[in-house]
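Residue numbers (my numbering): 397 to 702.
Glycine is no exception: its CB is placed at the ideal position from the N, C-alpha and C atoms.
These numbers come from a predicted model, not from an experiment.
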Amino acid sequence: MRSTVNKTEPIDFSQSPKVDKVGVEERVARFQTRSLKGASKLQGLKLALNMIDLTTLEGKDTPNKVRQMCYKAEHLHDSHPGLPTVAAVCVYPSMVKVARESLRNPEVKIASVSTAFPSGQADLNIKLTDTKLALDNGADEIDMVISRGKFLSGEYNFVFDEIAAIKEACGKSRLKVILETGELVTLDNVRKASDIAIYAGADFIKTSTGKIQPAATMQVTYTMLMAIKDYYDKTGIMIGMKPAGGISNAKLALHNLVMVNETLGGKWLTNEWFRFGASSLANDVLMQIVKQETGIYQSTDYFSID
């Protein structure tokens, strides 16, 4: 794991590169014309399955619901042996212990949201306590939200310092930083927030909480991928990417994988560096895999263990 930046001199995040919105639209449109066939499509579908963070983040979550999701994470592919597992389950800090007691497969990680998710409206000490609770209960990864109000007020160093503090609290656990792009309004803001998160120590940058629309549009994801690319070109350090919210079908997932491959390269095409935050994507991906291998569509209910 990389450490946070030693910020001996102020970083002027107001100078983040401006985003050519028209250029982004044109580039994304080309990605959306790509069509994977045969073995390439099947490989892409299996990759997508292995990159999913199965998620439940509702006020009505119960221990039993989390247990069911953990069971699904380990068994939803039982009907079709040989497939990879999903990457992780993602839950609130209060449910991490339930997930840890439920999971048996070490390949399925436990991610937990923290820092007063989804609003981020809390004091740093509360956010650190929130994070520590998740880690103490067994979380492998932390998905934190940034303080969007501070960001939109131009307090970029405040946002930087808060991320750096949470990263330090995470120790060796991976930190995903959620920008909540639907509240950032412009692609220029998305780029700026991406740069802040990356330089503050994020292991991943993530689009959304799933509570605000628009969420993980391809235009937003491409803008974030370019921030990752520029940082990699400058430092040689890889940063992960997690689009979350609104990616509910296999076709859109494959478009995203094409975009990642053509923007960052094949090194990012593993769940170590790319994830989908989703609750319903897995069923559609499985349905498409079976269609590719057998020529027969199954009902989504055939796979669901909700």
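Would you kindly report the start and end of the unbroken alpha helix (DSSP H) that includes residue i?
{"i": "glutamate 421", "result": "417-427"}
{"i": "methionine 655", "result": "646-659"}
{"i": "arginine 500", "result": "It is not in any alpha helix (DSSP H) - arginine 500 carries neither H nor E in the DSSP assignment."}
{"i": "asparagine 553", "result": "552-566"}
{"i": "valine 616", "result": "614-631"}
{"i": "aspartate 532", "result": "520-532"}
Where does residue i land, buried or exposed, given buried means 16+ other C-beta within 10 angstroms?
{"i": "asparagine 667", "result": "buried"}
{"i": "lysine 403", "result": "Low per-residue confidence applies at lysine 403: pLDDT is 46, beneath 50, and the placement is therefore not dependable enough to give any value."}
{"i": "aspartate 408", "result": "exposed"}
{"i": "aspartate 474", "result": "exposed"}
{"i": "glycine 691", "result": "exposed"}
{"i": "histidine 471", "result": "exposed"}
{"i": "leucine 744", "result": "Residue coverage of the chain in this structure runs from 397 to 702, which leaves residue 744 outside it and unanswerable."}
{"i": "proline 413", "result": "exposed"}
{"i": "isoleucine 574", "result": "buried"}
{"i": "lysine 563", "result": "buried"}
{"i": "lysine 456", "result": "exposed"}
{"i": "alanine 640", "result": "buried"}
{"i": "isoleucine 633", "result": "exposed"}
{"i": "glutamine 684", "result": "buried"}
{"i": "alanine 435", "result": "exposed"}
{"i": "glutamine 411", "result": "exposed"}
{"i": "aspartate 526", "result": "buried"}
{"i": "valine 494", "result": "buried"}
{"i": "glycine 516", "result": "buried"}
{"i": "glutamate 658", "result": "exposed"}
{"i": "glutamate 689", "result": "exposed"}
{"i": "glutamate 576", "result": "buried"}
{"i": "valine 418", "result": "exposed"}
Which residue marks the beginning of the beta strand (DSSP E) containing residue i, and which one marks its end?
{"i": "isoleucine 601", "result": "600-602"}
{"i": "alanine 484", "result": "484-487"}
{"i": "aspartate 362", "result": "Nothing about residue 362 can be reported from this structure: the residues present for the chain run from 397 to 702 only."}
Rank the options by C-alpha distance to the C-alpha of residue i and give the top, closest one.
{"i": "isoleucine 559", "options": "Val656, Val541, Asn645", "result": "Val541"}
{"i": "alanine 649", "options": "Lys625, Gly636, Val681", "result": "Val681"}
{"i": "leucine 499", "options": "Leu571, Leu479, Pro459", "result": "Pro459"}
{"i": "glycine 642", "options": "Gly434, His651, Ala612, Glu497", "result": "Ala612"}
{"i": "valine 654", "options": "Gln428, Asp599, Gly478", "result": "Gln428"}
{"i": "lysine 572", "options": "Thr511, Val616, Ser644, Gly545", "result": "Thr511"}
{"i": "methionine 637", "options": "Ala495, Val616, Glu422", "result": "Val616"}
{"i": "valine 482", "options": "Met465, Ala561, Leu660", "result": "Met465"}
{"i": "aspartate 416", "options": "Gly597, Phe600, Val586", "result": "Val586"}
{"i": "arginine 544", "options": "Val462, Ala518, Ala561", "result": "Ala518"}
{"i": "lysine 647", "options": "Lys433, Val420, Glu422, Tyr618", "result": "Lys433"}
{"i": "threonine 631", "options": "Glu658, Tyr595, Thr659", "result": "Tyr595"}
{"i": "tyrosine 467", "options": "Gln439, Arg496, Thr619, Gly440", "result": "Arg496"}
{"i": "alanine 598", "options": "Met620, Leu479, Ala469", "result": "Met620"}
{"i": "lysine 687", "options": "Lys437, Val424, Arg426", "result": "Lys437"}
{"i": "serine 610", "options": "Phe600, Gly578, Tyr618", "result": "Sequence check: residue 610 is proline here, not serine. Comparing Cα positions, the closest option is Gly578."}
Which residues does DSSP list as the beta-bridge partners of residue i?
{"i": "serine 590", "result": "Answer is none; serine 590 lacks a bridge partner."}
{"i": "methionine 540", "result": "Ser510, Val573"}
{"i": "glycine 636", "result": "Phe600"}
{"i": "phenylalanine 670", "result": "Met637"}
{"i": "lysine 505", "result": "Ala484"}
{"i": "aspartate 449", "result": "Ala484, Gly673"}
| query | Can you find at least 3 beta carbon pairs, one from the region 666-686 and one from the region 451-464, that sit closer than 8 Å? | reply | yes
| field | Inter-stretch contact at 8 Å, needing at least 3 Cβ pairs: the region 551-560 / the region 526-535 | value | no
| said: Would you call the region 504-524 in contact with the region 484-493, where contact means no fewer than 3 C-beta pairs closer than 8 Å? | reply: yes
| task | Take every Cβ of the region 558-569, pair it with every Cβ of the region 601-608, and state whether three or more of those distances are shorter than 8 Å. | result | no
| field | Given 8 Å, three or more beta-carbon pairs between the region 511-528 and the region 577-595 | value | no
| field | Any 3 or more C-beta pairs closer than 8 Å across the region 622-638 and the region 587-598 | value | yes
| request: May I ask you to verify whether the region 428-448 touches the region 654-668, counting CB pairs closer than 8 Å and requiring at least 3? | output: yes
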